[in-house]
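Position 44, counted from 1, in the sequence shown is what numbering that gives the first Met the number 0 calls 43; the numbers after and before it change by one each time, with no gaps.
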Amino acid sequence: MIIKIAVDTNNGKTISAHFGRSPYFAIFQIDDGEIINPDCRISNA
């Protein structure tokens with residue numbers, strides 16, 4: 000089963016302290032405990 004996790008980030012490398020105020024989201028797909036297809040997307044906030 001593939002799980003997707005979105006994390007707020009300021010620069011694509013570190014987690015932001017304020018969810019919803021950051022310019023980017025890091026999206027991780029996890030399958031069998033391994034990260035597959037990491038992605039960084041621009042936030043519309």
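Just so it is clear, CB atoms sit at the ideal spot from N, CA and C, and this is done for glycine as well. This structure is a prediction, so every number in the text was calculated from the model and none was measured.
Could you tell me how far apart the beta carbons of residue i and residue j are, in whole angstroms, since I believe they sit closer than 8 Å?
i    : j     : result
LYS3 : ILE26 : 6 Å
Give the range of the beta strand (DSSP E) segment to which residue i is assigned.
i     : result
ARG40 : 33 to 41
PHE27 : 23 to 30
LYS3  : 1 to 8
Let's test the definition: count the other Cβ atoms within 10 Å of the Cβ of residue i and tell me whether it reaches 16, buried, or not, exposed.
i     : result
PHE24 : buried
Would you mind stating whether residue i and residue j have Cβ atoms separated by less than 9 Å?
i    : j     : result
MET0 : ASP38 : no
Once you ignore the five residues that flank residue i on each side, which residues in its own chain have a CB closer than 7 Å to its CB?
i     : result
SER15 : ASP7, THR8, ASN9, SER21
Excluding the 5 residues flanking residue i on each side, which residues of the same chain have their C-beta closer than 8 Å to its C-beta?
i     : result
HIS17 : ASP7
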